[in-house]
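Chemist:
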Amino acid sequence: GEDVEQSLFLSVREGDSSVINCTYTDSSSTYLYWYKQEPGAGLQLLTYIFSNMDMKQDQRLTVLLNKKDKHLSLRIADTQTGDSAIYFCAERFSGGYNKLIFGAGTRLAVHP
Amino acid sequence: ETGVTQTPRHLVMGMTNKKSLKCEQHLGHNAMYWYKQSAKKPLELMFVYNFKEQTENNSVPSRFSPECPNSSHLFLHLHTLQPEDSALYLCASSQEARNEKLFFGSGTQLSVL
Chain V
135 GEDVEQSLFL SVREGDSSVI NCTYTDSSST YLYWYKQEPG AGLQLLTYIF SNMDMKQDQR
195 LTVLLNKKDK HLSLRIADTQ TGDSAIYFCA ERFSGGYNKL IFGAGTRLAV HP
Chain G
2 ETGVTQTPRH LVMGMTNKKS LKCEQHLGHN AMYWYKQSAK KPLELMFVYN FKEQTENNSV
62 PSRFSPECPN SSHLFLHLHT LQPEDSALYL CASSQEARNE KLFFGSGTQL SVL
């Protein structure tokens with residue numbers, strides 16, 4: 135079946151690292167994504183990783199992919215208050231036109 | 002600003018009303034999508050249009066009727082909705098329907114009374 139799971143809430147202190155985890159089910163997924171949604175806004179593509187990669191780094195963001203365990207994580211270094219948002223993990227389901235299966239989202243709260 | 006504009010931002014309608022949601026993209030993309038975001042549920046793909054042709058209808062009830070007159074515009078016509086249809090409706094576009102990068106609009110927050 136198609137299912138992407140993530141924890142619903144994460145609270146971190148400003149300046150610390152945040153790690154948001156995700157598990158997915160489709161082992162043939164070609165791309166995995168992280169989207170960010172700020173209050174009152176649509177989803178913004180943060181980063182994505184191709185399934186033949188283990189890691190991708192983009193400034194403060196590090197994506198780790200464990201294909202064996204179907205586990206994806208997003209690490210945000212030096213977390214700032216502006217990082218407070220909902221973060222969605224998504225896999226590109228191999229069965230159809232760009233069918234992205236999203237998780238329910240992890241709400242990241244950054245406190246002083 | 003993502004280049005995908007949705008109107009209206011908020012909509013309140015009764016169950017007997019007919020209304021339409023509009024989406025316009027200024028990115029030169031050829032694929033457009035409707036997603037539904039309900040509270041505490043994952044985003045649900047509703048419809049996909051690729052080069053103006055509908056390529057996916059994800060078992061959406063007929064009270065939701067999409068229209069894609071050209072590659073830049075996408076509508077969602079609503080009639081006889083139910084209160085459980087209240088949600089944030091997000092439009093997205095991509096270069097083509099097999100392209101991995103989606104650009105989302107800010108959504109229309111719909112309340113059905």
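Sequence order for the protein chains is V and G. In this text, residue positions in the first sequence follow the working numbering: the first is 135, and each later residue adds one. In this text, residue positions in the second sequence follow the working numbering: the first is 2, and each later residue adds one. Just so it is clear, CB atoms sit at the ideal spot from N, CA and C, and this is done for glycine as well. Bear in mind the structure is a predicted one, so any value in this text is a computation, not a measurement.
What is the rounded straight-line gap between the Cα of G:His30 and the Cα of G:Asn58?
Modeler: Position 29 of the second sequence, counted from the start, is the residue given in the question as residue 30 of chain G. Position 57 of the second sequence, counted from the start, is the residue given in the question as residue 58 of chain G. In a straight line, the C-alpha of G:His30 is about 20 Å away from that of G:Asn58.
Chemist: Would you grab the beta carbon distance between V:Thr215 and V:Leu144 for me? Rounded to a whole angstrom, and I think it's under 8 Å.
Modeler: Counted from its first residue, the first sequence places residue 215 of chain V at position 81. Counted from its first residue, the first sequence places residue 144 of chain V at position 10. So it is not a contact: roughly 14 Å between Cβ atoms.
Chemist: Along chain V, in chain order, which residues have C-beta atoms closer than 7 Å to that of G:Gly106?
Modeler: One-based indexing of the second sequence puts residue 106 of chain G at position 105. The contacting residues are Gly176.
Chemist: Taking Cβ positions only, does V:Tyr158 come closer than 9 Å to chain G?
Modeler: On the first sequence, position 24 is the one that residue 158 of chain V refers to. Output row for V:Tyr158: interface = no.
Chemist: May I have a chain-ordered list of the beta strand (DSSP E) segments no shorter than 3 residues that lie completely inside the segment 40–84 of chain G?
Modeler: 45–51, 54–58, 65–71 and 74–80
Chemist: Under 7 Å Cβ to Cβ from V:Asp150, same chain only, skipping five residues before and after it: list those, please.
Modeler: Walking along the first sequence from the start, residue 150 of chain V turns up at place 16. If we look at V:Asp150 and ignore the five residues flanking it on each side, its Cβ neighbours are Thr213.
Chemist: Would you kindly check if the distance between the Cβ of G:Ser21 and the Cβ of G:Ala88 is under 9 Å?
Modeler: One-based indexing of the second sequence puts residue 88 of chain G at position 87. One-based indexing of the second sequence puts residue 21 of chain G at position 20. The Cβ atoms of G:Ala88 and G:Ser21 do not sit closer than 9 Å to each other.
Chemist: Just to confirm before moving on: does the CB-CB distance between G:Gln26 and G:Leu91 stay below 9 Å?
Modeler: Translated into positions along the second sequence, residue 26 of chain G becomes position 25. Translated into positions along the second sequence, residue 91 of chain G becomes position 90. Against a cut-off of 9 Å, the Cβ pair of G:Leu91 and G:Gln26 comes out as no contact.
Chemist: Taking just the CA atoms, how far does G:Phe48 sit from G:Thr56?
Modeler: The sequence position of residue 56 of chain G within the second sequence is 55, counting from 1. The sequence position of residue 48 of chain G within the second sequence is 47, counting from 1. Distance between the alpha carbons of G:Thr56 and G:Phe48: 8 Å.
Chemist: Kindly list, in the order they appear in chain G, the residues whose Cβ is closer than 7 Å to that of V:Phe236.
Modeler: To locate residue 236 of chain V, count along the first sequence from 1; it is residue 102. Those are Pro43 and Leu44, listed as they occur along chain G.
Chemist: Rounded to whole angstroms, what's the CA-CA distance from V:Ile235 to G:Glu45? Just pull it up for me.
Modeler: Working through the first sequence from its first residue, we reach residue 235 of chain V at position 101. Working through the second sequence from its first residue, we reach residue 45 of chain G at position 44. For V:Ile235 and G:Glu45, the distance between alpha carbons rounds to 8 Å.
Chemist: Less than 9 Å separating the beta-carbons of V:Tyr169 and V:Ala224?
Modeler: Stepping through the first sequence from its first residue, residue 169 of chain V is reached at position 35. Stepping through the first sequence from its first residue, residue 224 of chain V is reached at position 90. Yes, these two residues count as a Cβ contact at 9 Å.
Chemist: With a 10 Å radius around its C-beta and 16 neighbouring C-beta atoms as the bar for buried, classify V:Ala243 as buried or exposed.
Modeler: Here residue 243 of chain V is taken as the residue at index 109 of the first sequence, counted from 1. When all chains shown are included, V:Ala243 counts as exposed.
Chemist: Taking 9 Å as the threshold (beta carbon to beta carbon), is G:Val61 in contact with chain V?
Modeler: Start at 1 with the first residue of the second sequence, and residue 61 of chain G comes out as number 60. Taking CB atoms only, G:Val61 has no neighbour in chain V less than 9 Å away.
Chemist: Throw me the rounded Cβ distance for the V:Leu166 and V:Ile183 pair, which I believe falls under 8 Å.
Modeler: Counting from 1 along the first sequence, the entry for residue 166 of chain V is found at position 32. Counting from 1 along the first sequence, the entry for residue 183 of chain V is found at position 49. Right, their Cβ atoms sit about 5 Å apart.
Chemist: Does the Cβ of G:Val13 have 16 or more other Cβ atoms within 10 Å, making it buried, or fewer, making it exposed?
Modeler: Reading the second sequence from its first residue, position 12 is the one you call residue 13 of chain G. G:Val13 comes out exposed.
Chemist: Use the C-beta contact count for G:Thr109: other C-beta atoms within 10 angstroms, 16 or more gives buried, fewer gives exposed.
Modeler: The residue you call residue 109 of chain G lines up with position 108 of the second sequence. It is buried - the Cβ of G:Thr109 has at least 16 other Cβ atoms within 10 Å.
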